[in-house]
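Below is one structure, written out as structure tokens; the observations come after it.
Written as structure tokens, this is what we have:
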């Protein structure tokens, strides 16, 4: 019999609605699992035990009264600590927000609660989501559940690790340059970055506002689709949240890929990739062909410029967004006798090395004399990167690529050289620059037993196709059923 | 074009970041290394390319400007590092 914490999100919610299992039992199983594995994983920054039991009891009362508590009825979920939770501290993995307690829920938090989900805690991440390994968190180390000497990926490393380790049935992350997809790939779970504008960002701590998007992580594609359906849609509190209607994502999952035209971008199979990653992704492409998809080569010629373009735009936006941390209304304040000194010393004490590096890079790129050469230039190249995708999507309905050039690397391996770390995002960042939806899902394991991630990129607002491709692959394979022994 | 220690100091002042001497030195090297790698963008001719600031296609969404929030209570001040009654307290601004 499957342990409660191993149930899919859908099965767990169905059991609560049928009164076969109570929400309190699910929450107790999740908290027991958290207590058992957290010393080895370190996914959570805050565990909300009391709030979770209170919420679960309320759900159970509603079920007992004959009410339907919603599609996520009573199921334990985790939330990345970039996303505000009323009354529960929200740190962004930073010293500067270590004691910050939001007065309100982010829209995505409120939508999860309204759908019946029970939040069991807040998940570790790189400070202000700036990183690819979660090693930039100022508040804790998260380890990969498949191998404790490896990183979980980042920046939503706590979300990937917690879902993989069975500490919650699904989680929310944020993805600015790959921060949902990279941890999903490294931890062997499913992660979706929705189209820019598909999900509200109200109450989500800002990193780079033209790129940031909230996305779900779960253990299979159908659970991921259900999470997306709950959080997506227009929000009067976020003018960037699209008014387009939200389709029923679960309804398209069984349609298969027969006749679907999939593009294989040649620039995403490069020298220096881990050979097992390339082999795993190519085998997945053959499987999709066997299932009836038509695969053809495409070219995204500006791919080699994506890292530079992304890190100039993202850091410029970050330097502006993070100007709000001034020590006045909230956050860390260093003692000082003048206002100017207070700003400088509070920010010096509150921000970590990578955040300072990105604020400096972004401030430089926006400063007088350098704006045209760096920031404007990057925005122009962004247009070229978008056009590459537009052209590929004239023929293809989705693109299939690796998520990252390697499987999970070792803790400490890339911290010394920021550029080497930035290269982990080489296959994910173009998607953010173009604002596209993209799914990461497991497609094999390397010789060390580490998961390999497959990426399916879609046309704007066509989450249905990427989920459909993912579901077809998942039905034909067993990779997503493997769990780390922890 | 190499980044100088003086440029790093100037940018740090713009960003309101007080850097320790060893941080200044490290960031001078880091920014130099990163910007040298990013110089590859200058190889692309973008003279006829419009910049992309954001990818949205639906323009500005407007709604009636109606008051929906209740008047702020104490929660707005709950995270204040220093307060005096209903006010945020800050160091002296005018000497």
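Chains as they are written, first to last, in my numbering: chain U, -12 to 473; chain G, 881 to 975.
The beta carbon of each residue, even a glycine, is placed where N, CA and C say it ideally should be.
Computed from a prediction, not measured in an experiment: that's the story for all the values here.
Sequence-ordered contacts of the stretch 403 to 433 of chain U with chain G read 404, 405, 406, 409, 420, 421, 422 and 423 [C-beta pairs closer than 9 Å].
Annotated as distal: residue 103 of chain U and residue 121 of chain U, with beta-carbon spacing of 8 Å or more. Looking only at U:449, U:211, U:4 and U:191, the smallest Cα-Cα distance to residue 56 of chain U is reached by U:4. Secondary structure of residue 343 of chain U (DSSP, three-state): helix.
By the CB criterion at 8 Å, residue 91 of chain U and residue 79 of chain U fall outside the cutoff. Of U:446, U:351 and U:223, the smallest CA-CA separation from residue 376 of chain U is found for U:446.
With the rule of 3 Cβ pairs closer than 8 Å, the stretch 346 to 356 of chain U does not count as touching the stretch 391 to 402 of chain U.
If you draw a straight line from the Cα of residue 214 of chain U to the Cα of residue 64 of chain U, it is about 10 Å long. Looking at the backbone, the Cα of residue 227 of chain U and that of residue 187 of chain U are separated by about 7 Å. For residue 886 of chain G, no Cβ of chain U is located within less than 8 Å of the residue's own Cβ.
Across the structure, residue 442 of chain U and residue 108 of chain U are spaced so that their CA atoms are roughly 28 Å apart. Bridge partners of residue 106 of chain U according to DSSP: U:64. With a threshold of 16 other beta carbon atoms within 10 Å, residue 973 of chain G falls short and is exposed.
Counting along the chain, the unbroken alpha helix (DSSP H) around residue 299 of chain U starts and ends at 293 to 308. Taking 3 residues as the shortest admissible run, the stretch 192 to 250 of chain U contains the following complete beta strand (DSSP E) segments, listed from N- to C-terminal end: 201 to 205. With respect to residue 177 of chain U, residue 202 of chain U sits apart: the two C-beta atoms are not nearer than 8 Å. Between residue 284 of chain U and residue 247 of chain U, the gap from beta carbon to beta carbon reaches 8 Å or more. Check the Cα spacing between residue 106 of chain U and each of U:71, U:189, U:448 and U:381: the tightest is with U:71.
Chain-ordered, the chain G residues with CB closer than 9 Å to the CB of residue 370 of chain U read 926, 929, 930, 931 and 932.
Here the alpha carbons of residue 235 of chain U and residue 275 of chain U stand approximately 23 Å from one another. Annotated three-state conformation of residue 471 of chain U is coil, per DSSP. At least one beta carbon of chain G lies nearer than 8 Å to the beta carbon of residue 329 of chain U.
Chain order gives the chain G residues near residue 348 of chain U as 911 and 914, where near means a beta carbon separation below 7 Å.
Shown in chain order are the members of the stretch 355 to 387 of chain U whose Cβ falls below 8 Å from a Cβ of chain G: 360, 361, 363, 364, 365, 366, 367, 368, 369, 370, 371 and 373.
For residue 461 of chain U, the CB contacts under 7 Å within the same chain, skipping 5 residues up- and downstream, are 207, 208, 428 and 467 in chain order.
If you look at residue 418 of chain U, you'll find it in the alpha helix (DSSP H) that goes 416 to 421.
Contact between residue 141 of chain U and residue 174 of chain U fails: their C-beta atoms lie close to 11 Å from each other, not under 8 Å. At a Cβ-Cβ threshold of 8 Å, residue 959 of chain G and residue 330 of chain U do not count as neighbours. A distance of 8 Å or more separates the beta carbons of residue 163 of chain U and residue 183 of chain U.
The beta carbon of residue 117 of chain U sits closer than 8 Å to the beta carbons of 123, 142, 194, 305, 341, 342 and 345 from its chain, once the five residues preceding and following it are set aside; these are given in chain order.
For residue 425 of chain U, no alpha helix (DSSP H) encloses it; the enclosing beta strand (DSSP E) starts and ends at 425 to 432.
A Cβ of chain G is located within less than 8 Å of the beta carbon of residue 299 of chain U.
Interface with chain U (8 Å Cβ-Cβ cutoff): residue 891 of chain G is included. Of the residues assessed, residue 180 of chain U falls on the buried side of the cut-off, its CB having 16 or more other CB atoms within 10 angstroms. Within the model, the alpha-carbon separation for residue 883 of chain G versus residue 899 of chain G is close to 16 Å.
Residue 359 of chain U counts as exposed, since fewer than 16 other C-beta atoms from the protein chains shown sit within 10 angstroms of its C-beta.
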